[in-house]
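Numbering (the working numbering), first residue to last: 183 to 352.
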């Protein structure tokens with residue numbers, strides 16, 4: 183923000199040029215993009231192998247890279263904000279459930295293929311994220327949706343444990 187104020191523009195390319203780091207900035211952006219993309223492809227391979235043990239991490243990583251390159255070449259990328267909001271809608275409640283289950287409730291659900299209660303809570307979090315987007319909140323949609331998802335997750339855990347006769351939540 184300070185650089186934008188000093189240069190009078192919010193265009194990152196212009197800020198770098200006016201700051202005297204045009205080529206260095208380009209190299210930094212290029213290397214950070216390559217690093218991030220590598221991590222995305224690698225993560226896809228590792229995640230796939232975690233879900234399905236017969237899958238090769240390397241082959242999935244290469245396939246994701248090829249699909250990504252083909253998509254970047256073939257698809258119009260002028261406005262990808264809708265796609266980015268969908269990603270936020272999916273992952274914000276998912277991470278909120280992870281925080282709730284692992285750090286607050288200390289649940290180990292690794293023996294389950296999936297948990298119906300968490301799928302329902304995630305869906306509520308997804309819908310909440312999309313709703314909060316319409317409200318145009320100053321803090322955005324992510325934090326309110328995550329907070330709501332965690333609260334609902336804790337409420338479901340308390341309710342479930344009371345039904346089953348357990349005494350404590352955490």
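Glycine included, C-beta positions come from ideal geometry on N, C-alpha and C.
Extent of the continuous alpha helix (DSSP H) run through residue i
i: residue 275; result: 263-280
i: residue 215; result: 204-233
i: residue 200; result: 194-200
i: residue 187; result: 184-189
i: residue 240; result: 239-256
Residue i, buried or exposed, once every other Cβ within 10 Å from all chains shown has been counted against 16
i: residue 310; result: buried
i: residue 193; result: exposed
i: residue 264; result: exposed
i: residue 339; result: buried
Euclidean distance between Cα positions of residue i and residue j
i: residue 232; j: residue 190; result: 48 angstroms
i: residue 300; j: residue 246; result: 28 angstroms
i: residue 288; j: residue 259; result: 41 angstroms
i: residue 237; j: residue 230; result: 7 angstroms
i: residue 322; j: residue 268; result: 14 angstroms
i: residue 204; j: residue 225; result: 31 angstroms
i: residue 235; j: residue 343; result: 33 angstroms
i: residue 270; j: residue 227; result: 21 angstroms
i: residue 317; j: residue 279; result: 23 angstroms
i: residue 208; j: residue 197; result: 12 angstroms
i: residue 305; j: residue 200; result: 46 angstroms
Rounded distance between the beta-carbons of residue j and residue i, thought under 8 angstroms
i: residue 291; j: residue 283; result: 7 angstroms
- Task: Write down every uninterrupted run of the alpha helix (DSSP H) in the stretch 286-347 whose length is 4 residues or greater and which is fully enclosed by it, in chain order.
- Result: Those alpha helix (DSSP H) runs which fall completely within the stretch 286-347 and span 4+ residues are 298-317, 324-346.
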